Structures are given as C-alpha cells and as structure tokens.
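To start, the structure under review is shown below, and the notes come after it.
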Amino acid sequence: MRKVSTETKLLKINEAVVRLMERREATDISMYDVAKECGMATSTVYHHYPNIENLFHSLLENVFVDFDLLLKQCVDEEQVLHWTDINRMIETAYVNYYNNNPIAKKLILGRHTFAELGHADTEHDLELGHQVEMIYRQFFDIPQLPQPINIFAISLQVADKIYSLSYRKYGYITPELAKEALRLSESYLQLYIPPICQKVDFHSA
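All residue numbers for the sequence shown refer to UniProt numbering, where the first residue is 1 and numbers rise by one.
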C-alpha cells in the first residue's frame, strides 16, 4: 500500500476545514471535527498543526496570497480615469472574493477569539497598503503622504469593518453595505488626496 504524502494529507485537512467553514463559525470547529471530516486520526492532524489556531493561520496565509494576486489583477488600466476608480476596482474585487471564500469571511470578518489571526490580518493590511500606494502612484501624481501613517492600509481596514458588520448581520457582504464601505474609504482618502490629480504617463516613463 502506497504511503500518503504529507502534501496530500495537508490538502485533505485544508479541504476539510473549508467544508466545515461553510457550515459553522470558526469558534465551533475543533481539531477533532477536522480529523473526522477528512477521515484521519486526530493525532495525524495534530502532527501537522499543534492547535486549531495554527491550522487557521496556515489557511489565512493562503488567503493573503490570494489578496496579493487579486491586487495585481483587479485594476483595469483602460478604466482608470480618476483616482477613485482605483479604490472602486480594488474594493469591488475584495468584496467578490470575500463573498465566495468562507475562510476569508469567517477568519477575517467573523467573530472569533483567535488574537493571532487578527494580528496577522493587520500586518498584511500594512503590506497591502504599500502595494496599493504604488498602484496609485503608477497612475497619478499624488502628494507626499504623512509618515508613518499608511492611509491606504487604514482605508482597507475601514472597508473591512463595514464588510464585517454586513457579514455578521446577513452572512455575506450586501451590495448596499459594499457601497457604504466604498463611500467611507473614498471619503477618508479624500482627506489626503486632492479631487484633481495629474495623471502619470507611465508608458513613456
């Protein structure tokens, strides 16, 4: 009988958690539940992950990779006429992702007591904020921004707060609250970015 590879076991564990997340909140999932769902001994799951928070953190890292890729793909160069178009494209892409990904919804927007996950999300938002600023500067000549504050990271977190309210009340991000998050993040950014910014001709750069 062929030995099941570690990679295959990890994939089965991850898939089991996704299925469980579709039915339950994160705080209602135990290592025993994961083992039962993927048909493994609980000791096998513990061999790969010391506790449920560590397992969730591993899955959240995959979400962060998706966020990075999404940010690189969501801005349509031909449709960027004003800097607010960039904000709209980014937030629309993230709303669609959240609504189709139970791991992201429940670990980032949902209620749980895993402090390590909240810290990891905040740290990743800071990284995303720098990437978002680079996108804005690729298209527009925006002014120097206050240091060490990253307004784009704050904007992402502000939008996430509205998404979280929507998820906790309705189970998903509604179009109405997605629009509110967009309005709120845009209003915040307008405190630092003027209404009219000169476009950068990055093709000739």
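Don't be surprised by glycine CBs; every beta carbon is placed ideally from N, CA and C.
These figures come from a predicted structure and were not determined experimentally.
Roughly how many angstroms separate the alpha carbons of THR42 and LEU109, rounded to a whole number? Each residue's alpha carbon lies about 28 Å from the other.
Burial state of VAL63, where buried means 16 or more other Cβ atoms lie within 10 Å: Buried is the call here.
Can you look up PHE140 in the DSSP assignment and give me helix, strand or coil? Strand.
Along the alpha helix (DSSP H) that carries ASN99, what are the first and last residues, could you check? From DSSP, the alpha helix (DSSP H) with ASN99 extends over 83-99.
GLY39 to LEU145, Cα distance in whole Å? In a straight line, the C-alpha of GLY39 is about 52 Å away from that of LEU145.
May I ask you to verify whether the stretch 94-108 touches the stretch 13-28, counting CB pairs closer than 8 Å and requiring at least 3? Judged by Cβ distances under 8 Å, the stretch 94-108 makes contact with the stretch 13-28, as three or more pairs qualify.
Thinking LEU177 and GLU91 are a contact (beta carbons under 8 Å), I'd like their distance in whole angstroms, please. Between the beta-carbon of LEU177 and that of GLU91 there is about 12 Å, and that puts the pair past the 8 Å contact cut.
Can you check which of these residues, TYR163, ALA115, GLU15 and VAL80, is closest to PHE135 by C-alpha distance? Before going further, note that residue 135 is Ile rather than Phe in the sequence given. VAL80 is the residue among TYR163, ALA115, GLU15 and VAL80 whose C-alpha sits nearest the C-alpha of ILE135.
What residue from HIS130, ASP28 and PHE139 has the CA that sits closest to ASP201's CA? Comparing C-alpha distances from ASP201 to each of HIS130, ASP28 and PHE139 shows the shortest one belongs to PHE139.
For ASP28, count the other beta carbons within 10 Å of its own beta carbon; 16 or more makes it buried, fewer makes it exposed. Which is it? That one is exposed.
If you follow the alpha helix (DSSP H) that VAL175 is part of, which residue opens it and which one closes it? The amino acid at residue 175 is misidentified as Val; the sequence shows Pro. Run containing PRO175: 175-189, per the alpha helix (DSSP H) assignment.
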